[in-house]
Amino acid sequence: MRDTILVTGGAGFIGSNFILSWIRERRSPVINLDLLTYAGNPANLASLEDNRRYRLAVGDIGDAQFVANLLREHQPRAIVHFAAESHVDRSIASPEPFIRTNVLGTQILLEETRRYWAELWDEDRQAFRFLHVSTDEVYGSLGPGDRPFTEGAAYAPTNPYAASKAAADHLVRAYHCTWGLPVLITNSSNNFGPYQFPEKLIPLMTLNALEGQPLPVYGDGLQSRDWLFVEDHCAAIRTVLENGRIGETYHIGGNSERRNLDVVTAICDLVDEMRPDPAIGPRRKLVTFVEDRPGHDRRYALDAAKMARELGWRPSEDFDSGLRKAVRWYLDHPAWAESVRTGAYLDWIRQNYVERGAS
Ligand code: NAD
Ligand code: DAU
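Its first residue numbered 1092, the sequence shown is counted upward by one per residue in the numbering used here.
Dropping the structure here:
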């Protein structure tokens, strides 16, 4: 077995941040298995184009033969599984791709991993890890006074994306319990930072604010999310991969709960400060309330105490410092933003916001 790790979905938002930081921090080779859906962008990893430690393998986690060949060829010592359909609103518009990739794709990846792992030499089999990246959404919504979810809380997903991730988590645990596959599961809260596809809240609002476009807030905007800077998430995943206990689940949270409306107004103020534009005026006036997301979960929050207690990990950014970095990144990378706001992105924006009554 080599020192290589296999990352699935590494051309997406968190996966590309993870690969960039892995090559920087760990320097061991990475194979990126990615289907390059609308959300996968190889340009995120352009800085690794000539790096001998990095290779992109374009393919589907649901293609058993492709996965088997890749494992045989590269003999990874670990798999970090990010690949998924990840956007809640798209899962409401069209659930089927979420079941195909997140549930069936994960099962096929697990099955091929199990076969590969079973044939490793003893020492390599013991060292091998399969780390599954999941979400706080599997637990459903918290009430206003509820304590954040701890590991072991009951699963209660409420939208097709969350249900598909819950199913994937159960399958990963099943492969551990049934066959002893050495798995680790992480559930994290809402990530933000560089390279996030601008159909998600923070990049969408930043780019719209910059251009003086309406800022479409769903419902009353008082839903609350816990925000985690993406580089903190990547550091936490490295920590779990290296020191986590097999079969365990770890919550990775940012200790930064914010209401959506407060996130949007904070973005407005930062864009006003960094790019004042008298023709646009104060960006807060661009806030436009639109039809709510069906079944919109009111509040997510994770208790990340186990990560601190057992593995010594804590987030290094708070929400304000992370948001300043994220907004600055989008303002400083207009070419990246332009390159991804085409085709599938424009179709989605038309479909989602026209249906919600936004102009
Ligand atoms: P993303 O949508 O930005 O990226 C997903 C990547 O997976 C893309 O590169 C896409 O091309 C690839 N992919 C999709 N289907 C594939 C398939 N069948 N085979 C191979 N590759 C495929 O997602 P993200 O926001 O980076 O999220 C990554 C993971 O983290 C997901 O599993 C998601 O559920 C989880 N997660 C995300 C967040 C968040 O806030 N973004 C929070 C918690 C957990
Ligand atoms: O909680 C973790 C999850 O966070 C991840 O598992 C998902 O993969 C990730 O996409 C994210 O899901 P959300 O639905 O929370 O993210 P999104 O950016 O789509 O929305 C964040 C909040 O902002 C949510 O309450 C909906 C609201 N929203 C979103 C958009 C795109 C708006 O009010 N207006 C918008 O235009």
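We put the beta carbon where it would ideally sit given N, CA and C, even for glycine. Computed from a predicted model, the values in this text were never measured in an experiment.
Contact under 8 Å by Cβ, residue i with residue j
| i | j | result |
| --- | --- | --- |
| R1479 | S1232 | The question about residue 1479 has no answer here: the residues shown for the chain are numbered 1092 through 1450. |
| E1339 | L1275 | yes |
| Y1145 | I1114 | yes |
| L1057 | V1321 | A query on residue 1057 cannot be resolved here, the shown segment of the chain reaching from 1092 to 1450 and no further. |
| L1126 | G1101 | no |
| R1374 | A1300 | yes |
| R1216 | R1168 | no |
| R1384 | I1183 | yes |
| R1349 | G1312 | no |
| L1377 | Q1304 | yes |
| T1099 | L1139 | no |
| A1327 | I1337 | no |
| A1155 | I1199 | yes |
| I1122 | F1173 | no |
| D1317 | L1393 | yes |
| E1302 | Y1436 | no |
| G1345 | D1323 | yes |
| F1109 | V1158 | no |
| Y1286 | S1107 | yes |
| Y1391 | P1294 | no |
| S1279 | D1227 | yes |
| F1219 | L1211 | yes |
| E1214 | K1397 | no |
| N1250 | G1386 | yes |
| N1073 | V1431 | Outside the displayed range of the chain (1092 to 1450) lies residue 1073, so it cannot be described from this structure. |
| S1225 | T1277 | yes |
| T1192 | G1153 | yes |
| G1448 | V1381 | yes |
| V1194 | A1259 | yes |
Any non-hydrogen atom of the ligand DAU closer than 7 Å to residue i Cβ
| i | result |
| --- | --- |
| D1237 | no |
| Y1145 | no |
| L1414 | no |
| N1351 | yes |
| V1362 | no |
| S1090 | With the chain running from 1092 to 1450 in the structure shown, residue 1090 is simply not present. |
| Y1309 | yes |
| R1163 | no |
| L1298 | no |
| G1312 | yes |
| R1478 | The shown model of the chain, from 1092 to 1450, leaves out residue 1478, and the question about it has no answer. |
| E1302 | no |
| D1125 | no |
Reduced DSSP secondary structure (H/G/I, E/B, other) of residue i
| i | result |
| --- | --- |
| D1125 | strand |
| S1119 | coil |
| P1188 | helix |
| N1135 | helix |
| D1141 | coil |
| D1094 | coil |
| L1319 | strand |
| T1197 | helix |
| Y1391 | coil |
| P1307 | strand |
| T1204 | helix |
| T1330 | helix |
Check: residue i C-beta below 7 Å from any heavy atom of the ligand NAD
| i | result |
| --- | --- |
| D1151 | yes |
| E1214 | no |
| S1279 | yes |
| G1103 | yes |
| T1410 | The displayed chain sequence assigns Phe, not Thr, to residue 1410. Result no, Cβ not under 7 Å from the ligand NAD. |
| S1225 | yes |
| K1256 | yes |
| V1340 | Before going further, note that residue 1340 is Thr rather than Val in the sequence given. False, no ligand heavy atom lies under 7 Å from that Cβ. |
| L1111 | no |
| L1262 | no |
| S1430 | no |
| N1142 | no |
| G1284 | no |
| F1189 | no |
| G1131 | yes |
| F1173 | yes |
Please specify which runs of the alpha helix (DSSP H), each continuous and at least 4 residues long, are wholly inside the stretch 1341 to 1384, giving them in chain order.
1351 to 1365
Could you pull out every unbroken beta strand (DSSP E) segment of at least 3 residues lying fully inside the stretch 1145 to 1189, listed in chain order?
1145 to 1149, 1169 to 1172
Which runs of the beta strand (DSSP E) spanning at least 3 residues fall entirely within the stretch 1213 to 1298, listed in chain order?
1220 to 1226, 1274 to 1279, 1281 to 1283
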